[in-house]
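Visitor: Below you will find the structure I want to go over with you.
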Amino acid sequence: MASTLRAARAALFAILLGVCIGCDDTMTGPAATPTPAVPTPPPGLPQIVYVGQGQGGQRANAFVDAQSGTATSTIHAGQTIEWVWVNGSHSTTSGTCPLGCVTDGLWDSGIGHDTTYQHTFSSAGTFPYYCLVHGTMMQGTVIVQ
Numbered sequence: 005m006a007s008t009l010r011a012a013r014a015a016l017f018a019i020l021l022g023v024c025i026g027c028d029d030t031m032t033g034p035a036a037t038p039t040p041a042v043p044t045p046p047p048g049l050p051q052i053v054y055v056g057q058g059q060g061g062q063r064a065n066a067f068v069d070a071q072s073g074t075a076t077s078t079i080h081a082g083q084t085i086e087w088v089w090v091n092g093s094h095s096t097t098s099g100t101c102p103l104g105c106v107t108d109g110l111w112d113s114g115i116g117h118d119t120t121y122q123h124t125f126s127s128a129g130t131f132p133y134y135c136l137v138h139g140t141m142m143q144g145t146v147i148v149q
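Listed below in structure tokens is the structure:
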């Protein structure tokens, strides 16, 4: 009786963990549908990045792409990014922050509050940017395909 109870508990534990004892890892039935990539807006519509976006209603120093939910935006050549200030004083300034931030001169919104700024990316590449006010603690990236 005790060994049967132990075997039943082990089987239940394996099921809860998603482990199959004695299975050969062969999948049957319909194939899983892959999760589609996050779509980019159609040409002509800007992709939105929120500036100063907070989590749970709190103030934060972050760039948050409306499509990906991260600080990385992926678009196609010829498309536009529109940064929308949610709160605080920030900028969107192209450049890198290896040991301090250095602009590369591609774009600079200047420091703003309750504003928007747009930049159209004409060629493929990876374009890092940062906030002049917050430097290394507030960075984003635009990937243009």
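In this note's numbering, the protein residues as written are 5 to 149.
Backbone N, C-alpha and C fix where the C-beta goes; we use that ideal spot for every residue, glycine too.
1. Would you call the stretch 100–112 and the stretch 71–81 in contact, with 3 or more CB pairs under 8 Å?
2. On the premise that H117 lies in contact with W89, defined as a C-beta separation below 8 Å, what is that separation, rounded to the nearest angstrom?
3. When burial is assigned at 16 or more other CB atoms within 10 Å of the CB, is Q149 buried or exposed?
4. Under 8 Å, do F131 and S98 count as touching if we go by C-beta distance?
5. Quick one: is A128 buried, meaning 16 or more other Cβ sit within 10 Å of its Cβ, or exposed?
6. Can you tell me whether C135 is helix, strand or coil according to DSSP?
7. By the DSSP assignment, the beta strand (DSSP E) with S98 in it spans what residues?
8. Tell me whether G116 sits in a helix, a strand or coil according to DSSP, three-state version.
9. Quick check on I115: buried or exposed, where buried means 16 or more other Cβ atoms within 10 Å of its Cβ?
10. Answer with buried or exposed for T96, where buried requires no fewer than 16 other C-beta atoms within 10 angstroms of its C-beta.
Guide: On the basis of the supplied data:
1. no
2. 6 Å
3. exposed
4. yes
5. exposed
6. strand
7. Here the beta strand (DSSP E) through S98 covers T97 to T100.
8. strand
9. exposed
10. buried
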